[in-house]
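Take a look at the structure below.
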Amino acid sequence: MTQSLRYRRVVVKLGTSVLTAGTDRLHRPRMVELIRQIAALRDLGAQPILVTSGAVLAGWEQLGFPPRKRNLPEKQLFAAIGQSRLMHLYAQLADIYGFPVAQTLLTRDDLRDRRRYLNARNALLGCVERRVLPIVNENDAVAVDEIKVGDNDTLSALVANLVDADLLLICTDRPGLFSADPRVDTTAQLIPDVPLIDETIWALAGDAGSHRGTGGMRTKIQAADLATRAGIEVIIAAGEAPNVILQAAQGTAIGTRLHARATRLEARKRWILAETARQSRVVIDAGAARALREQGRSLLPAGIVRIDGAFDRGQTIRIFSEQGIELARGLTQYRAADLGLIGGKHSAQIEEILGYTYGPEVVHRDDMVMVN
Ligand code: GLU
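Now the structure itself:
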């Protein structure tokens with residue numbers, strides 16, 4: 012196997028059927044094998060992020076498999092029990108390989124609301140930077156249907172977008188997308204490459220899933236559609252395939268690969284520009300303008316000379332030169348009232364002035380689009 016990586020930041024989604032290896036329990040040997048691959052991936056310099064299912068199943072297992080009602084209170088109870096059990100197992104396995112894990116439980120609102128989006132993004136990227144493996148699941152213990160993402164395939168696509176992943180790898184109990192249902196049609200062939208998710212692909216998606224997890228192939232195609240539109244490559248492959256995670260990250264053909272539809276940068280720019288706060292005008296001095304335009308730097312509070320408007324943290328704001336030229340737009344880490352207090356000040360003073368800090372940048376370079 013070659014040692015080079017094709018994708019650096021990789022979101023790996025593990026479905027319940029993968030973690031159980033087709034049984035009714037979390038399958039320890041399977042989980043050891045998956046974490047071994049994650050460890051190897053880290054050693055190659057990749058930045059893996061796990062999105063895991065299996066909490067509900069683990070709770071059911073712990074209670075000794077009582078007859079299932081499949082209603083919301085039961086799911087919440089099983090998830091509350093099972094999530095800690097699941098994390099405990101992951102932490103133990105990661106311990107063998109000597110790296111820490113961090114539990115992150117999300118609901119739809121954490122990903123929709125721009126302020127909370129920033130919080131979740133910062134938390135996950137903070138882990139990645141410190142070489143901690145984030146392990147994400149939906150917060151099933153408290154989530155009701157209205158605030159739920161609902162299935163972890165979709166959750167994994169939203170997380171991949173959140174962290175600017177290079178690859179979303181959806182591990183499931185099938186080798187990928189087939190030309191027909193392989194359970195009933197013996198001529199069914201694996202489709203290795205999907206340049207575009209079109210009508211024919213949707214027609215193949217069907218809706219059947221396994222009885223243990225939530226998603227069938229349809230939710231996987233939905234997730235792939237979301238991610239590929241956001242500029243992220245997607246691979247759907249069998250969790251049991253030897254070295255599936257390593258192979259996918261190294262660019263070896265495995266499962267079904269769905270191509271990104273736009274570049275990540277284009278998609279992210281569109282997203283940043285999509286919701287510009289109507290009343291937002293941040294004027295910066297000549298030094299800061301040069302740093303933004305010529306050196307590709309982030310916007311720091313020190314360069315800010317004036318604020319107009321009433322915007323919130325997480326909104327897209329407009330950045331102007333003192334000559335009144337709009338230079339850039341970007342997601343602000345601080346709301347207008349905060350910027351009024353820290354504008355012109357050194358980043359090291361932020362915490363002292365506000366009593367808290369969201370980091371040294373007002374608009375991080377990755378969250379900025381130059382317009383002039
Ligand atoms: N979040 C659920 C769990 O951990 C799984 C949802 C899914 O299978 O898509 O049990």
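If you read the sequence shown in our numbering, its first letter stands for residue 12, the second for the next number, and so on. Even glycine gets a Cβ: it sits at the ideal position worked out from N, Cα and C.
Practice item. Provide the residue(s) that pair with residue 24 in DSSP beta bridges, ordered along the chain. Key: Its beta-bridge partners are 62, 181.
Check your understanding: Looking at the structure shown, is residue 89 part of a helix, part of a strand, or coil, going by DSSP?
Key -> helix
Check your understanding: Hey, would you say the C-beta of residue 363 is under 7 Å away from at least one heavy atom of ligand 1?
Key -> no
Check your understanding: Is there at least one non-hydrogen atom of ligand 1 closer than 7 Å to the beta-carbon of residue 32?
Key -> no
Check your understanding: In angstroms, rounded to a whole number, what distance separates the CA positions of residue 114 and residue 320?
Key -> Taking the Cα positions, residue 114 is about 37 Å away from residue 320.
Exercise for review: Determine, using beta-carbon pairs with one atom in the segment 202–217 and one in the segment 168–185, whether at least three such pairs fall under 8 Å.
Suggested key: no
Point to revise | 8 Å Cβ cutoff met for residue 62 and residue 184 | key: no
Check your understanding: At what residues does the beta strand (DSSP E) containing residue 309 begin and finish?
Key -> Note, residue 309: premise wrong, no beta strand (DSSP E); not H, not E.
Check your understanding: Would DSSP call residue 15 helix, strand or coil?
Key -> In the three-state reduction of the DSSP assignment, residue 15 falls in the coil class.
Check your understanding: Do you know offhand how far residue 271's Cα is from residue 131's?
Key -> 24 Å
Exercise for review: For residue 24, count neighbouring C-beta atoms within 10 Å of its own C-beta (all shown protein chains included) and say buried if the count is 16 or more, exposed if not.
Suggested key: buried
**Study point:** Nearest residue (CA-CA) to residue 137, options 58, 274, 232, 316
**Key:** Ranking the options by Cα distance to residue 137, first place goes to 58.
Check your understanding: What residue ranges within the segment 73–126 form continuous beta strand (DSSP E) runs of no fewer than 3 residues, ordered along the chain?
Key -> 112–117
Practice item. Could you have a look at residue 291 and say whether DSSP puts it in helix, strand or coil? Key: strand
Check your understanding: Contact between the segment 300–320 and the segment 96–110: three or more CB pairs below 8 Å?
Key -> no
Point to revise | Enclosing alpha helix (DSSP H) for residue 256 [first to last residue] | key: 255–261
Check your understanding: Nearest-angstrom Cα distance between residue 121 and residue 94?
Key -> 19 Å
Check your understanding: Roughly how many angstroms separate the alpha carbons of residue 243 and residue 45, rounded to a whole number?
Key -> Here the alpha carbon of residue 243 sits roughly 22 Å from the alpha carbon of residue 45.
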